[in-house]
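Contents: one structure, followed by commentary.
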Amino acid sequence: MIRRIGQWFDQRLQLAAPIREASEHRVPRNTASWWYVFGSAALIVFCLQLVTGILLALTYVPSAGEAWNSLQALNHDITLGWFIRALHGWGSNFMVAIVLIHMMQVFLFGAYKFPRELTWIIGIFLLLMTLGMAFSGQVLRFDQDAYWGLGIGASIASRVPGAGPAIVKLMLGGPIIAGATLSRFFALHVFVIPGLLIGFVCLHVLMVFKLGINEWPMPGRVVRRATYLDEYHGLTKKDGAPFVPYAIWKDMFFAAFILLAVAACAMWFGPFGPSGRPDPTIIQTVPKPDYFFLWLYAVLSLLPPSMETPALLIGPVLVILGLLLLPFLSGEGEKSWKRRPIAVLTVMLVAVALGTFTHLAEYAPWSPKMNAWSGAPVPAEFLHATSALERQGALVFQVKQCRNCHSLGESGGQRGPALDSVALRLTQDQLIRQVIQGGGNMPAYGKNLSPPETTALVAFLETLHPAGQAPARNFALGQ
Amino acid sequence: MTSDTTTNDTTISRRGMFMKLGLLLNGVVAAALAVPIGRFLLSSITRARADGYLDWISLGSVSQFPEGETRLATFRNPLVMPTDGKTVDTPCWVRHVEGDQFQVFAVNCAHLGCPVRWFPQSGLFMCPCHGGAYYRDGARASGPPERGLFEYSYKVENGLITIKAGEMPTPGPGASLMHIKGIRNEPRCGGCA
């Protein structure tokens, strides 16, 4: 009976033969490896995102006035709304991570070489669209971070020579970040990019089936356009196995493990935000991007100002162009990472750089601690056995917000140097000059300190040296 | 057409001509539809050219802003759409210098647009994002911004202060071309050379 129903459908659909062909196609035996599971894992997380995204759309309202309230309703009022939001948010983080790992594996295994150049190029577009989904998703979580994140995006876009202001208005859908902005990011996140993603993912997977999975790279087995296809087919004949079930069981195990990991993170850590209401008049906010854009936040803080616009506008173009051209620049040759030291070093350099910037951005030493002057008092040990003048100076130090940028006893901002032992480095005259004239990225305080305040402040700063070490002296003046 | 053997490259079959006409017809319709679609898509840009987004908006009575002080004021953006919610309420910093002399700054940092906060005790605007700082007159004090704070034009009439606003200020393409006073040739810190 079941067989007859199946035959009825297949007579009309005619899909059984191609499916059987795809599942039984022979793959090189040693590609049934745990290294080859990341592509299918990215696909399964993408499916999770589609399902959870549709579920969220049942409640979410893409209106600047209502979006935040609808997220609150999801978090608090609707049964398991928080869990679906958490799955979608964690799914997004997992998807970016898995896509990056997949790309690194493909690069190190030389899988972008002939004849798989186009598969790699489509993969680059898939990476860009995944990042586009991550950013637009952060915008749809329409809170303070989303609002000011859009402001940062608009400020970057405005720097394009000539077209800058027009691009900003096109991006925002008007002169300011408002209802039209959220609506167009909703259209991008829900219709445009997912539509493109589905199409490109289908092409990507189709090409993997048509061209065959990349064989395990062996040092010395060199890719040549003239001979590769014959060599590959010889390999699948001689040492091949059908994809189903020989290789697919590892994909299935890993996919289940990843879905379980997303669900576990969603359950333990919960959904992301939303943070404060997207009300621009609330300026007591410290906007920060989502995890996968933290490195960019660090780069934007650390680049010298004159390099920033060129780096922002030319850098991404060069990186994307380089990735797209890679299979044409090295479409033949060694595939094994054991014979490609520059490839290995490149991956390590990029990983260390992104990791370092992300780590730095997690505590953002370049940002003033806006509440340190009122929230982090001068530690008591710095005030032992001080004179009345020096204590007055400590008060000036606190009230004039010096603490927002300078730490004492490891509390306070890190924008400027820690001042625990500043008296060892600067003499009295140098302290006065630095306070009044600023310099070296410190604002000048001359206009905001009266002479008595300056005297008291410098007297306090002069006490900041470890016991037993003499403070800096200017011997030319006989001090 | 009959299948005569004299057909050469210059003749065209009836069906071939209809297919080409069909393509042409679809091309014309697509081009005609592209005009309204393009105009709709680009309306946020073209509107700015036509009648502009900027308008004079009152911040209220001058007496709210004591001389010598800098205070936060908010205004409603001149262009409001039904789904804008609170996003059209825009803050700005108003510095009453003296008499009828004011400075009205956008809260958006000239670096990448984060909201700067005013600290009257130290006379500085500080940005929480990438560490930009500005003096009380809006001039750049330190950090990554390449210029001072954005200023709105203002006028004082009948005891009311109004500003010309309506667009989010962004650094624009000229940002990197601005001359930055004192950013180079400057000792990094007083005594650590």
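Listed in order, the protein sequences are those of chains S and C. For the first sequence, the numbering used here assigns the number 3 to the initial residue and increments by one for each residue that follows. For the second sequence, the numbering used here assigns the number 34 to the initial residue and increments by one for each residue that follows. Yeah, the Cβ is synthetic: ideal placement off N, Cα and C, and Gly gets one too.
Simplified DSSP state of residue i, which is helix, strand or coil
i, result
"M201 of chain C", "coil"
"F135 of chain C", "strand"
"W218 of chain S", "coil"
"Y299 of chain S", "helix"
"F183 of chain C", "coil"
"E336 of chain S", "strand"
"F256 of chain S", "helix"
"M159 of chain C", "strand"
"R109 of chain C", "strand"
"F274 of chain S", "coil"
"V63 of chain S", "coil"
"K240 of chain S", "helix"
"A174 of chain C", "strand"
"D88 of chain C", "strand"
"W126 of chain C", "strand"
"S209 of chain C", "Residue placement at S209 of chain C is poorly supported in this model, since its pLDDT is 41, which falls under 50; the coordinates are not used for a value here."
Cutoff 8 angstroms: residue i Cβ touching any chain C Cβ
i, result
"Q403 of chain S", "yes"
"P454 of chain S", "no"
"D281 of chain S", "yes"
"V288 of chain S", "yes"
"I438 of chain S", "no"
"D72 of chain S", "Per the sequence shown, the amino acid found at residue 72 of chain S is Ser instead of Asp. No, its Cβ sits nowhere closer than 8 angstroms to a Cβ of chain C."
"E310 of chain S", "yes"
"G197 of chain S", "no"
"I179 of chain S", "yes"
Cutoff 8 angstroms: residue i Cβ touching any chain S Cβ
i, result
"H163 of chain C", "yes"
"R109 of chain C", "no"
"G156 of chain C", "yes"
"R150 of chain C", "yes"
"R122 of chain C", "A quick correction: the sequence has Asp, not Arg, at residue 122 of chain C. Yes, contact with chain S."
"K119 of chain C", "yes"
"S175 of chain C", "yes"
"V127 of chain C", "no"
"N59 of chain C", "no"
Pairwise C-alpha distance: residue j and residue i
i, j, result
"A63 of chain C", "G71 of chain C", "12 angstroms"
"S308 of chain S", "G165 of chain C", "14 angstroms"
"A458 of chain S", "G395 of chain S", "4 angstroms"
"I103 of chain S", "P381 of chain S", "46 angstroms"
"W126 of chain C", "L198 of chain S", "44 angstroms"
"G278 of chain S", "D117 of chain C", "17 angstroms"
"I45 of chain C", "G55 of chain C", "15 angstroms"
"Y234 of chain S", "S138 of chain S", "41 angstroms"
"Q136 of chain C", "W89 of chain C", "15 angstroms"
"W151 of chain C", "G272 of chain S", "35 angstroms"
"R300 of chain S", "N95 of chain S", "Note that residue 300 of chain S is Ala in the sequence shown here, rather than Arg. Rounded to the nearest angstrom, the two C-alpha atoms are 19 angstroms apart."
"V451 of chain S", "I438 of chain S", "Strictly speaking, residue 451 of chain S in this sequence is Leu, with Val absent from that position. Looking at the two C-alpha atoms, the distance is approximately 8 angstroms."
"V113 of chain C", "K197 of chain C", "16 angstroms"
"A363 of chain S", "R28 of chain S", "47 angstroms"
Counted within 10 angstroms of its Cβ, other Cβ atoms place residue i as buried (16 or more) or exposed
i, result
"Y365 of chain S", "exposed"
"L184 of chain S", "buried"
"H191 of chain S", "buried"
"R5 of chain S", "exposed"
"E26 of chain S", "exposed"
"R161 of chain S", "buried"
"G357 of chain S", "exposed"
"H129 of chain C", "buried"
"I213 of chain C", "The predicted position of I213 of chain C is uncertain, since its pLDDT is 38 and thus under 50; a value taken from the coordinates is nonetheless stated next. That one is exposed."
"R47 of chain C", "exposed"
"S175 of chain C", "buried"
"R109 of chain C", "exposed"
"P312 of chain S", "exposed"
"T287 of chain S", "buried"
At least 3 beta-carbon pairs within less than 8 angstroms: the region 166-186 of chain C vs the region 123-141 of chain C: yes
Decide if the region 411-428 of chain S is in contact with the region 364-377 of chain S; the criterion is three or more beta carbon pairs, one per stretch, under 8 angstroms apart. yes
Any contact between the region 42-51 of chain S and the region 169-180 of chain S? By contact I mean 3 or more CB pairs, one from each, below 8 angstroms. no
Does the region 77-90 of chain S come into contact with the region 255-274 of chain S, if we say contact requires no fewer than three beta-carbon pairs (one atom in each stretch) closer than 8 angstroms? yes
For the 8 angstroms Cβ check, are there 3 or more pairs between the region 424-441 of chain S and the region 467-475 of chain S? yes
Cβ contact check for the region 148-156 of chain S and the region 116-132 of chain S: 3 or more pairs under 8 angstroms: no
Can you find at least 3 beta carbon pairs, one from the region 203-218 of chain S and one from the region 233-253 of chain S, that sit closer than 8 angstroms? yes
For the 8 angstroms Cβ check, are there 3 or more pairs between the region 101-110 of chain C and the region 162-171 of chain S? Counting Cβ pairs under 8 angstroms, fewer than three are found: no touch.
Sufficient close CB pairs (3 or more, under 8 angstroms) joining the region 248-256 of chain S to the region 111-122 of chain S: no
Give a yes or no on contact between the region 12-19 of chain S and the region 219-231 of chain S, applying the rule of three or more CB pairs nearer than 8 angstroms. The region 12-19 of chain S, when compared against the region 219-231 of chain S, does not touch it at the 8 angstroms Cβ threshold.
Taking a cut of 8 angstroms between CB atoms, which residues from the region 175-209 of chain C lie near chain B? Judged by its chain identifiers, the structure shown contains no chain B, and its protein chains are S and C.
The region 324-331 of chain S touching the region 386-394 of chain S, judged by at least three CB pairs closer than 8 angstroms: no
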